Amino acid sequence: MKSQMRRKHLRHFINYDCTYSYNGKSSKCNILDISENGAMLKIPQVLVRGDKIELHLTGTDMITAVVKHSRCNYINIKFDYEINIIEFLKSISKLTWRHS
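What follows is the structure, encoded as structure tokens:
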């Protein structure tokens, strides 16, 4: 609870597959949560604090970010600029929503 009080932006818990690039190599990743200024990712490699990545989200340009925390293959990143989280969530909900 204490850490949530420090946050400037609300986290949105999602399970969304996308890609990221590190040192020119692209890999798949899973976004576990996201806010206007960062995200938590599950990635197939270990990165450390200070590593820079490029995150490729549907409906947006590439977002550059820096690793703020890491634990095994889970990382928390801070975007270089804030994104419009409402538009991003709307864009992925259109992709994942299915009518039966």
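Heads up: the sequence shown at position 88 corresponds to 87 in numbering that gives the first Met the number 0, and the numbers run straight through without jumps.
All C-beta atoms in this analysis are idealised placements derived from N, C-alpha and C, irrespective of residue type, glycine included.
Keep in mind the model is a prediction, meaning the values are calculated, not measured.
Query, Result
"Residue-level contact to chain C via CB, I62, 7 Å cutoff", "You won't find chain C in this structure, because it holds only one protein chain."
"C-alpha distance - I84 paired with N14, whole-angstrom precision", "15 Å"
"Three-way DSSP call (helix, strand, coil) for K7 in this model", "coil"
"Bridge-paired residues (DSSP) for D16", "N29"
"Same chain, Cβ closer than 6 Å to Y73, neighbours up to 5 away in sequence not counted", "K41"
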